[in-house]
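Counting from 261, one number per residue, gives the positions in the sequence shown under this note's numbering. Note sheet for the following structure.
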Amino acid sequence: MASLEETKKGVRIMKKIGIVMLILLFMAACGNRDEDVIEPVETERELDQRATSVQFREIDVNLESEQFHIIGEVSSSGGLFYYHVELDGEIIQEETFEEVENSNSEWNRFQIVETLPNDVLEGNSPPVMVLYGKNESGEPINENYIPIDTQK
């Protein structure tokens, strides 16, 4: 028969094995996080490198109350384009970019809905939507100036 000391030694070994198994179980559970993977956000420079060629066509502008809708088609080699709104040469709505849903096809439909401030709607000068791409240096290319008629 096993002595008391041998039994105690066996119990200690079993406890150590149990602790090691629990630690391994926790480590395996913490390492399995497929659904929580965070995709890296593209930097502005990476986005600029994507939009190297852009063209627009069939642009239609509608103003409803203080919102305006711009609908048209875009062909963008990088899968995105940029826009901002100007009034008398000053930017009144900061630069934003739109991703093209299917950059593999030549022309893709797009829609932009923005809101204009009341003072712009009541002014005499029409605001201008500027649609464009960017070159590798981040400079605007192929700028298209689209006036928004705010007169009722």
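Using N, Cα and C, we set each Cβ at its ideal position, and we do this for glycine too.
- In its chain, beyond the 5 residues on either side, Q327 and H329 have a beta carbon closer than 7 angstroms to the beta carbon of V373.
- Setting aside the 5 residues that flank it on each side, M281 has no residue in the same chain whose C-beta is closer than 6 angstroms to its C-beta.
- Under DSSP, V321 takes part in a beta bridge, and its partners are I330.
- Following the DSSP letters along the chain, one finds N402 inside the beta strand (DSSP E) bounded by residues P400 to P407.
- Nearest Cα to N368 within the set G383, K394 and E333: E333.
- Ranked by how close their Cα comes to the Cα of P400, the residues Q315, F370, P386 and V271 have Q315 in first place.
- Straight-line spacing of the CA atoms in F286 and G270 works out to 24 angstroms.
- When rounded, the separation of the alpha-carbon atoms in L347 and E382 is 12 angstroms.
- Residue pairing of S336 in beta bridges, as defined by DSSP: V314.
- In the structure shown, E361 falls within a coil segment according to DSSP collapsed to helix, strand and coil.
- In this structure, DSSP gives T356 an extended state, which the three-state scheme calls strand.
- Around the C-beta of I273, fewer than 16 other C-beta atoms lie within 10 Å, and the residue is accordingly described as exposed.
- In the structure shown, G278 falls within a helical segment according to DSSP collapsed to helix, strand and coil.
- Inter-residue distance for Q371 and E324 is about 15 angstroms (C-alpha atoms, whole angstroms).
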